[in-house]
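Peer 1: The numbers in this note's numbering rise by one with no breaks, and the one at position 185 of the sequence shown is 185. Note that beta-carbon positions come from the ideal geometry of N, C-alpha and C, so glycine has one too. Model, not experiment: these values are computed from the prediction.
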Amino acid sequence: MKKYLIAGNWKMNFTSNEAISFVNQLILHLSELNLEQIDVLLCVPFTNLHPIKSFVNSNLVKIGAQNMHFEEKGAFTGEISPLMLLDAGCEYVILGHSERRQYFLENNDILSKKIISALSHNLVPIFCIGETLSQRQANLTFQVLESQLNVLETVPKEFLSNIILAYEPVWAIGTGLNASKEQIIEAHLWINDHVIDRFHVQLPILYGGSMNNDNAKDILECKMVSGGLIGGASLKILQFIDIINTAISLSQQG
Ligand code: 13P
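1) Quick check: what's the CA-CA separation for Ile184 versus Gln37?
2) Report the three-state DSSP secondary structure of Ala138 (helix, strand or coil).
3) Can you tell me whether Thr175 sits near the ligand 13P, meaning its C-beta is under 8 Å from at least one heavy atom of the ligand?
4) What is the C-beta distance between Leu119 and Phe70, in whole angstroms, given that I count them as a contact (C-beta under 8 Å)?
5) Excluding the 5 residues preceding and the 5 following Leu177 in the sequence, name in chain order all residues of the same chain whose CB lies nearer than 7 Å to its CB.
6) What number of angstroms, rounded off, separates the C-alpha of Asn34 from the C-alpha of Gln252?
7) Looking at C-alpha atoms only, which residue of His29, Lys2, Cys43 and Glu32 is the closest neighbour of Gly232?
8) Classify Asn192 as buried or exposed, calling it buried when 16 or more other Cβ atoms lie within 10 Å of its own Cβ.
9) With a threshold of 8 Å (Cβ to nearest heavy atom), would Lys11 be considered close to the ligand 13P?
10) From the DSSP output, in three-state form, read off Val124 for me.
11) Should Met84 be listed as close to the ligand 13P, given that the test is whether its C-beta is under 8 Å from any heavy atom?
12) Is any heavy atom of the ligand 13P found at a distance shorter than 8 Å from the C-beta of Gly96?
13) From the DSSP output, in three-state form, read off Gly231 for me.
14) Closest by CA to Asn107, which one among Leu86, Glu91 and Ile129?
15) Can you give the Cα-Cα distance for Gly174 and Gly74, rounded to whole angstroms?
16) Does the Cβ-Cβ distance between Gly96 and Val151 come in under 9 Å?
17) Residues in the same chain with beta-carbon distance under 6 Å from Leu229, minus the five sequence neighbours each way, listed in chain order, please.
18) Please check the pair Ser81 and Glu72, which I expect to be a contact at CB under 8 Å, by giving their CB distance rounded to whole angstroms.
19) What are the boundary residues of the alpha helix (DSSP H) that includes Ile196?
20) DSSP puts Asp39 in a beta bridge; with which residues?
21) Taking the straight line between their C-alpha atoms, what separation do you get for Leu140 and Thr132?
22) Can the beta-carbon of Lys223 be found closer than 9 Å to that of His188?
23) Among Ser226, His29, Ile20 and Glu182, whose alpha-carbon lies nearest the alpha-carbon of Gln202?
24) I'd like to know whether the C-beta atoms of Val93 and Leu123 end up nearer to each other than 9 Å.
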């Protein structure tokens, strides 16, 4: 049976009251479901972590962050450390999201430090990779994915199996243009095979990019798709619950 991870990436949305209200509604719903075959995760803004911590039952919903600094503490104004994330109840952290690569110039060097730091603090990194539209149009998709995956060369081998990958084609993020089933299957199979060949480990691969309750079934049933990393639709409680229900029914079908 496939075990799905359904992860919301709230990005820079929701004040603490909005976050608490969302989490309460979500928990009410989840407490009536059989969650054996699915994990639900919310990656929220730093300022929402402590406010929702006391409302979250980690058997139902897990909590993650969207970024972190690699150092434990020190003179890094405006940054948040892995120790602070653990203190706030995080189990996961998104690293290398395309918005961080684009707006905050995160590159392989910095992502290597962040991933190693997360792993050594027992935080599960959700490492995002994906090509831009111009890279896809220039037939560079797999070259780009390969170079982003170079980061894994730097991770100590004993840690590798704790990483989750997320394939997020940049052109599909926030655009309403999700990748087609064929594109998703092609990319996920390529990533899966490449990681096995090169690093001798099989990692879960989430899909992210305009996933919603209408396309979730088609996406989640694709080969090698282990779940979703959901932006816009994770802010709408009914849509998010619908996606969770879809994952549960697919996992029950085997
Ligand atoms: P959207 O679902 O809004 O396209 O965002 C996807 C994403 O960036 C998840 O990390």
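Peer 2: The answer reads as follows:
1) For this step, residue 184 is matched to residue 184 along the sequence shown. For this step, residue 37 is matched to residue 37 along the sequence shown. One C-alpha to the other measures close to 22 Å.
2) One-based indexing of the sequence shown puts residue 138 at position 138. In this structure, Ala138 counts as coil in the three-state DSSP scheme.
3) The sequence position of residue 175 within the sequence shown is 175, counting from 1. Annotation for Thr175 indicates a beta carbon within 8 Å of some heavy atom of the ligand 13P.
4) The residue labelled residue 119 in the question sits at position 119 within the sequence shown. The residue labelled residue 70 in the question sits at position 70 within the sequence shown. Their Cβ separation, rounded to whole angstroms, is 11 Å, which puts Leu119 and Phe70 out of contact at 8 Å.
5) Counted from its first residue, the sequence shown places residue 177 at position 177. If we look at Leu177 and ignore the five residues flanking it on each side, its Cβ neighbours are Trp171 and Ser210.
6) Counted from its first residue, the sequence shown places residue 34 at position 34. Counted from its first residue, the sequence shown places residue 252 at position 252. Taking the straight line joining both Cα atoms gives about 10 Å.
7) In the sequence shown, counting from the first residue as 1, residue 232 sits at position 232. For the residues His29, Lys2, Cys43 and Glu32, the minimum Cα distance to Gly232 belongs to Cys43.
8) Locating residue 192 in the sequence shown gives position 192, where the first residue counts as 1. The residue in question, Asn192, is buried, as its Cβ has 16 or more Cβ neighbours within 10 Å.
9) Start at 1 with the first residue of the sequence shown, and residue 11 comes out as number 11. Proximity of the beta carbon of Lys11 to the ligand 13P is indicated: a heavy atom of the ligand is located closer than 8 Å.
10) Your numbering for residue 124 matches position 124 in the sequence shown. The three-state reading of DSSP puts Val124 in strand, counting E and B together.
11) Start at 1 with the first residue of the sequence shown, and residue 84 comes out as number 84. Answer for Met84: no, Cβ out of range of the ligand 13P.
12) Against the sequence shown, residue 96 aligns to sequence position 96. No, the Cβ of Gly96 stays beyond 8 Å of every heavy atom of the ligand 13P.
13) The count along the sequence shown starts at 1 and reaches residue 231 at position 231. DSSP places Gly231 outside both helix and strand once states are collapsed to three, so it counts as coil.
14) Locating residue 107 in the sequence shown gives position 107, counting from the first residue. Minimum Cα distance to Asn107 is reached at Ile129.
15) The residue you call residue 174 lines up with position 174 of the sequence shown. The residue you call residue 74 lines up with position 74 of the sequence shown. CA-CA distance, Gly174 to Gly74, rounds to 35 Å.
16) Numbered from 1 along the sequence shown, position 96 holds the residue referred to as residue 96. Numbered from 1 along the sequence shown, position 151 holds the residue referred to as residue 151. Taking 9 Å as the Cβ cut-off, Gly96 and Val151 qualify as a contacting pair.
17) Taking the first residue of the sequence shown as position 1, residue 229 is located at position 229. Setting aside the 5 residues that flank it on each side, Leu229 is surrounded in the same chain by Ala7, Asn9, Ala166, Leu206 and Gly208, each with a C-beta closer than 6 Å to its C-beta; the list follows chain order.
18) Position 81 of the sequence shown, counted from the start, is the residue given in the question as residue 81. Position 72 of the sequence shown, counted from the start, is the residue given in the question as residue 72. About 5 Å separates the CB atoms of Ser81 and Glu72; that is less than 8 Å, so the two are in contact.
19) As a position in the sequence shown, residue 196 is number 196, starting the count at 1. In the DSSP annotation of this structure, the continuous segment of the alpha helix (DSSP H) that includes Ile196 starts and ends at Lys181 to Phe199.
20) As a first step, residue 39 must be located in the sequence shown, where it is residue number 39. In the DSSP assignment, Asp39 forms a beta bridge with Leu5.
21) The residue you call residue 140 lines up with position 140 of the sequence shown. The residue you call residue 132 lines up with position 132 of the sequence shown. In this model, Leu140 and Thr132 are separated by some 9 Å (Cα to Cα).
22) Numbered from its first residue, the sequence shown carries residue 223 at position 223. Numbered from its first residue, the sequence shown carries residue 188 at position 188. The answer is yes: Cβ separation under 9 Å.
23) By one-based count along the sequence shown, residue 202 stands at place 202. Nearest of Ser226, His29, Ile20 and Glu182 to Gln202, Cα basis: Ser226.
24) Translated into positions along the sequence shown, residue 93 becomes position 93. Translated into positions along the sequence shown, residue 123 becomes position 123. Cβ atoms of Val93 and Leu123: closer than 9 Å.
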